[in-house]
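Residue numbers (the numbering used here): 15 to 209.
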């Protein structure tokens with residue numbers, strides 16, 4: 015009888031561990047899908063603009079429609095998707111987009127994956143590689159940006175922590191701090207510092 019109780023307890027622990035791993039990996043999968051879909055859609059849209067040299071109607075509506083069509087082709091998950099076009103300029107070749115993907119986890123909790131991408135046609139035509147700028151609060155990813163190599167690092171909104179004051183972003187594994195106008199040539203991570 016004692017062995018049966020131990021067996022049931024171990025089975026329950028194993029099921030909870032597997033569920034925990036699936037929840038954590040599910041969030042990473044959602045964020046990666048949203049990030050990759052956004053990158054691809056913005057690049058395809060600006061490549062289309064570059065190839066055809068602009069739109070006849072002279073405003074950004076066709077650019078936005080092309081972007082949304084490209085984005086929907088790359089999103090395959092069952093989530094609610096909110097697309098926020100921050101800037102769409104066909105003359106200068108600028109597209110700045112933020113997407114928020116709202117989904118439900120295995121334990122029926124609502125979660126969000128947020129990605130933002132800003133591309134300027136001149137930067138895109140240089141065919142530079144990508145690098146990631148990741149911002150963490152207590153080891154958890156707070157914000158993540160995909161940037162062209164040599165681009166200025168985008169700073170996320172200041173994080174909040176009860177009873178603590180945010181002092182800045184420190185480079186992970188280094189004593190350096192994120193400064194205004196700082197550029198990156200490789201993947202980089204920052205950790206929030208509170209006092």
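By construction, the Cβ of each residue, glycine as well, lies at the ideal position given by its N, Cα and C atoms.
Bear in mind the structure is a predicted one, so any value in this text is a computation, not a measurement.
Continuous beta strand (DSSP E) stretch holding residue 79: start and end: No beta strand (DSSP E) holds residue 79; the alpha helix (DSSP H) holding it covers 75-88.
Simplified DSSP state of residue 175, which is helix, strand or coil: coil
Contact under 9 Å by Cβ, residue 112 with residue 133: Not a contact, by the Cβ cut-off of 9 Å.
Expected contact under 8 Å - CB spacing of residue 173 and residue 206 to nearest Å: 5 Å
Which residues DSSP lists as bridging residue 189, in chain order: According to DSSP, residue 189 bridges with nothing at all.
The stretch 83-97 touching the stretch 108-123, judged by at least three CB pairs closer than 8 Å: The stretch 83-97, when compared against the stretch 108-123, does touch it at the 8 Å Cβ threshold.
Residue 59 in three-state terms, based on DSSP: helix
Run of the beta strand (DSSP E) containing residue 108, from where it starts to where it stops: 108-118
Which listed residue (122, 126, 145, 166) has its alpha carbon closest to that of residue 156: 126
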